[in-house]
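A short write-up of the structure that comes next.
Number of protein chains: 2
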Amino acid sequence: MKLATRDDGTRDGALLIVRRDGAVAVDATDIARTMQDALDRWDEVEPALQARFEALQSGSIPGEPLDIATLHAPLPRAYEWVDGSAFISHIVLVRKARGAEPPETLRTEPLVYQGGSSDLLAPTQDIPLVDEAWGLDFEAEIVCILGDTPQGTTADKAAPYVKLVTLCNDITLRNLIPPELKKGFGFFVSKPASAFGPFAVTPDELGSAWQDGRVHLPMNVWWNDEQVGKAEAGEEMHFSFHDLVQHITKTRAFGAGTLLGSGTIANEDETNGFSCIAERRMRDILATGAPQTRFMQAGDTVRIEVRDAEGVNVFGTIAQTVVSA
Amino acid sequence: MKLATRDDGTRDGALLIVRRDGAVAVDATDIARTMQDALDRWDEVEPALQARFEALQSGSIPGEPLDIATLHAPLPRAYEWVDGSAFISHIVLVRKARGAEPPETLRTEPLVYQGGSSDLLAPTQDIPLVDEAWGLDFEAEIVCILGDTPQGTTADKAAPYVKLVTLCNDITLRNLIPPELKKGFGFFVSKPASAFGPFAVTPDELGSAWQDGRVHLPMNVWWNDEQVGKAEAGEEMHFSFHDLVQHITKTRAFGAGTLLGSGTIANEDETNGFSCIAERRMRDILATGAPQTRFMQAGDTVRIEVRDAEGVNVFGTIAQTVVSA
Numbered sequence: 000m001k002l003a004t005r006d007d008g009t010r011d012g013a014l015l016i017v018r019r020d021g022a023v024a025v026d027a028t029d030i031a032r033t034m035q036d037a038l039d040r041w042d043e044v045e046p047a048l049q050a051r052f053e054a055l056q057s058g059s060i061p062g063e064p065l066d067i068a069t070l071h072a073p074l075p076r077a078y079e080w081v082d083g084s085a086f087i088s089h090i091v092l093v094r095k096a097r098g099a100e101p102p103e104t105l106r107t108e109p110l111v112y113q114g115g116s117s118d119l120l121a122p123t124q125d126i127p128l129v130d131e132a133w134g135l136d137f138e139a140e141i142v143c144i145l146g147d148t149p150q151g152t153t154a155d156k157a158a159p160y161v162k163l164v165t166l167c168n169d170i171t172l173r174n175l176i177p178p179e180l181k182k183g184f185g186f187f188v189s190k191p192a193s194a195f196g197p198f199a200v201t202p203d204e205l206g207s208a209w210q211d212g213r214v215h216l217p218m219n220v221w222w223n224d225e226q227v228g229k230a231e232a233g234e235e236m237h238f239s240f241h242d243l244v245q246h247i248t249k250t251r252a253f254g255a256g257t258l259l260g261s262g263t264i265a266n267e268d269e270t271n272g273f274s275c276i277a278e279r280r281m282r283d284i285l286a287t288g289a290p291q292t293r294f295m296q297a298g299d300t301v302r303i304e305v306r307d308a309e310g311v312n313v314f315g316t317i318a319q320t321v322v323s324a
Numbered sequence: 000m001k002l003a004t005r006d007d008g009t010r011d012g013a014l015l016i017v018r019r020d021g022a023v024a025v026d027a028t029d030i031a032r033t034m035q036d037a038l039d040r041w042d043e044v045e046p047a048l049q050a051r052f053e054a055l056q057s058g059s060i061p062g063e064p065l066d067i068a069t070l071h072a073p074l075p076r077a078y079e080w081v082d083g084s085a086f087i088s089h090i091v092l093v094r095k096a097r098g099a100e101p102p103e104t105l106r107t108e109p110l111v112y113q114g115g116s117s118d119l120l121a122p123t124q125d126i127p128l129v130d131e132a133w134g135l136d137f138e139a140e141i142v143c144i145l146g147d148t149p150q151g152t153t154a155d156k157a158a159p160y161v162k163l164v165t166l167c168n169d170i171t172l173r174n175l176i177p178p179e180l181k182k183g184f185g186f187f188v189s190k191p192a193s194a195f196g197p198f199a200v201t202p203d204e205l206g207s208a209w210q211d212g213r214v215h216l217p218m219n220v221w222w223n224d225e226q227v228g229k230a231e232a233g234e235e236m237h238f239s240f241h242d243l244v245q246h247i248t249k250t251r252a253f254g255a256g257t258l259l260g261s262g263t264i265a266n267e268d269e270t271n272g273f274s275c276i277a278e279r280r281m282r283d284i285l286a287t288g289a290p291q292t293r294f295m296q297a298g299d300t301v302r303i304e305v306r307d308a309e310g311v312n313v314f315g316t317i318a319q320t321v322v323s324a
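Note that the protein sequences, when read in sequence, are chains A and B. By numbering that gives the first Met the number 0, the letter at position 251 of the first sequence is numbered 250, and the numbering carries on one by one without gaps. By numbering that gives the first Met the number 0, the letter at position 62 of the second sequence is numbered 61, and the numbering carries on one by one without gaps.
This is how it looks when you write it as structure tokens:
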């Protein structure tokens, strides 16, 4: 089934069930008020949500036309936003771009960072740009939303904890990363609010494209209406979402509604384009000795979506515009 | 006023108002169901909470005897846990202990890391120890709880956003830090769930001890019933909470209920003891060439509390026991 959060002016929005084609939705607040409420009581509410989704899908409930601009992030605020970096070619390229070596444990231990999560952006919300010199970049990612996940969950036991899957634009201020990492405490100020959604879907909505904790579909990215990326989101994901669950639960448990990201989708094959500008700039440097591609500026747009083999826009489209703040 | 969260079996607990001496409390769920609910609607509910606190304090409401063991963390889960490291002597000592240099921006730019916050420990909850080789350490800290705080809040405008102040035991797995930091993405697996509480108090409860965004009172720490620390929490806090607010809001906004930590309270004067074992071990090394002090083991206890000039136990006592997990 497909869920979303309607921005009704409250902090956490109102839970919606969305038809597979994304065109029509029905209120679900009588089953669970919010997406977080549904995740908090997943086993209890999932059958009723599923039944209403099937009724919407079959037409026995008509639903209302859905305008993506009325949606918030699936979780407008979350108790945990943990972002991996599971694509080896992205790590290698981006580290080259900032003159850093890939970590020794590149292929044996996942990289994850803890992101901020009290104020997440809606899928069509403007991206505020305070200072162009900060190097504003997009990063197109797949994100799993976990249920309550105990400490010490191994990869082979992780699948049932993935309740929902969605999209993310993990907005990054590239030029703030080197000084921030130099301090040794992580990315902090170089990671402003990320955007999510529009839809969060149960893994079965992905059909055979959901395999071994990976989404085997291309990640489509448009920058100012030019398609710049179509990287496969599954094949080169070195650590699966299940591997990431094993890694993050080594020393603690995670509560329902934890957002767990793949990191930027990236392929070795350059003809698949890029899911973040930093990669393009690194390829510029390798080809010409200097970056030829600028970062985002006020007025720029970015669109991100994943379509399945039948052409269904699985998670809906993240479509954002950069505005001077 | 003094607030707490009763563990009533729900995820977010029930809001309590606590008498200044910590002995008696009264339910406040008719005003705000939970601490998060109160923070979400602070301006609306604060007068009613304050009025009931005053009635409890004056004896016109009798209240019920309060058992600290029935309390959860003030926020059993939070949308944001941002921990600073505002005590220069702690940074210098701990970096020496792991053979690392202090950052160049030590005195000009605060260090903060993003912590996990979906599953926080109660003030008397056991600390699970999976592997003694991980080097389990406590860290006694002051934590401010923010209201909605806009991007770009400068230090001179930060005071009104500090709604509550509490205690934290920022539990750390010391021996997991070096490999984790080497990967460049922050502390992730070296920071298990932190413990908070018991009480969250409005800054006015601190009287003249709350000055310029610092708590000018000693942080008392007992390890296995021996008092090992009594470091002043204010004087050597190089960056105030207001400075930390300015730093963290550089690139994004923070939602109500954001936990913002001071970092381990540490003084240059060795006779004030230590608020984390890592510091003691560093002083061992400087004195004898090797650490003489072990990390925590199963059965160990830690107690943390702050008393004001009148002897009031302002935040109540964090009292935890390490148990094999």
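Note that beta-carbon positions come from the ideal geometry of N, C-alpha and C, so glycine has one too. Fair warning: this is a prediction, and the values are worked out from it, not measured in the lab.
State the DSSP-derived secondary structure class of residue i, mapped to helix, strand or coil.
| i | result |
| --- | --- |
| A:Ala54 | helix |
| A:Met0 | coil |
| A:Asp26 | strand |
| B:Leu38 | helix |
| A:Ser323 | strand |
| A:Arg94 | helix |
| B:Tyr112 | strand |
| B:Ala297 | coil |
| B:Leu175 | helix |
| A:Ala326 | Residue 326 of chain A falls outside the range modelled here, since chain A spans only 0 to 324, and no answer is possible. |
| B:Ala158 | helix |
| A:Phe187 | helix |
Can you pull the DSSP bridge partners for residue i?
| i | result |
| --- | --- |
| A:Leu48 | For A:Leu48, which the question treats as bridged, DSSP gives no partner whatsoever. |
| A:Thr165 | A:Val142 |
| A:Phe86 | A:Met236 |
| A:Ile303 | A:Val220 and A:Ile317 |
| A:Asn312 | A:Arg306 |
| A:Arg5 | A:Ala13 and A:Leu70 |
| B:Pro64 | B:Val23 |
Rounded to whole angstroms, what is the Cα-Cα separation between residue i and residue j?
| i | j | result |
| --- | --- | --- |
| A:Pro64 | B:Thr165 | 47 Å |
| A:His237 | B:Gly233 | 47 Å |
| B:Trp209 | B:Ser239 | 11 Å |
| B:Leu120 | B:Ser84 | 21 Å |
| B:Met281 | B:Ile303 | 21 Å |
| A:Val25 | A:Val200 | 15 Å |
| A:Ala54 | A:Arg40 | 21 Å |
| A:His215 | A:Leu258 | 19 Å |
| B:Leu175 | B:Cys167 | 20 Å |
| A:Thr148 | B:Val188 | 15 Å |
| B:Ala194 | B:Gln124 | 8 Å |
| A:Asp169 | A:Ala139 | 7 Å |
| A:Val311 | A:Ile67 | 15 Å |
| B:Ile90 | B:Pro101 | 7 Å |
| B:Leu145 | A:Gly272 | 42 Å |
| A:Arg18 | A:Leu205 | 14 Å |
| B:Arg213 | B:Glu231 | 10 Å |
| B:Val111 | B:Asp82 | 5 Å |
| A:Met295 | A:Val23 | 33 Å |
| A:Leu92 | A:Pro191 | 22 Å |
| B:Leu74 | B:Ala286 | 41 Å |
| B:Trp221 | A:Asp42 | 43 Å |
| B:Phe184 | B:Pro46 | 43 Å |
Residues in the segment 103 to 137 of chain B having any Cβ partner in chain A nearer than 8 Å: Only Glu103, Thr104, Glu108, Leu110, Val111, Tyr112, Gln113, Gly114, Gly115, Ser116, Ser117, Asp118, Pro127, Val129 and Trp133 from the segment 103 to 137 of chain B bring a Cβ to less than 8 Å from some Cβ of chain A.
Beta strand (DSSP E) segments (min. 3 residues) lying fully within the segment 117 to 155 of chain A: The segment 117 to 155 of chain A contains these whole beta strand (DSSP E) runs: 126 to 128 and 139 to 145.
Complete runs of the beta strand (DSSP E) confined to the segment 209 to 257 of chain A [at least 3 residues]: Taken in chain order, the complete beta strand (DSSP E) segments of 3 residues or longer contained in the segment 209 to 257 of chain A are 217 to 222 and 225 to 231.
Residues of the segment 177 to 194 of chain B with Cβ closer than 9 Å to any Cβ of chain A, in chain order: Taking 9 Å as the upper bound on Cβ-Cβ separation, chain A lies near residues Pro178, Leu180, Lys181, Lys182, Gly183, Phe184, Gly185, Phe186, Phe187, Val188, Ser189, Lys190, Pro191 and Ala192 of the segment 177 to 194 of chain B.
Chain A contacts from the segment 74 to 86 of chain B (Cβ-Cβ distance under 8 Å): Residues Arg76, Ala77, Tyr78, Glu79, Val81 and Ser84.
Short-range partners of chain A found in the segment 226 to 254 of chain B, where Cβ spacing is below 8 Å: Against chain A - using a Cβ distance shorter than 8 Å - the residues of the segment 226 to 254 of chain B are His246, Ile247, Lys249, Thr250, Arg251, Ala252, Phe253 and Gly254.
Positions along the segment 14 to 46 of chain A whose CB lies within less than 7 Å of some CB in chain B: Result list: Asp39.
Cβ-based contacts, 9 Å cut-off: residues of the segment 255 to 272 of chain A near chain B: Within the segment 255 to 272 of chain A, the residues whose Cβ lies closer than 9 Å to some Cβ of chain B are Ala255, Gly256 and Thr257, listed in chain order.
Against chain A: residues of the segment 0 to 14 of chain B by CB proximity under 9 Å: Residues passing the 9 Å Cβ filter: Arg10.
Interfacial residues, the segment 152 to 181 of chain B to chain A, with Cβ spacing under 9 Å: Of all residues in the segment 152 to 181 of chain B, Leu172, Leu175, Pro178, Leu180 and Lys181 have a Cβ within less than 9 Å of some Cβ in chain A.
Sequence ranges, beta strand (DSSP E) only - wholly within the segment 255 to 287 of chain A, length at least 3: 257 to 260, all fully within the segment 255 to 287 of chain A.
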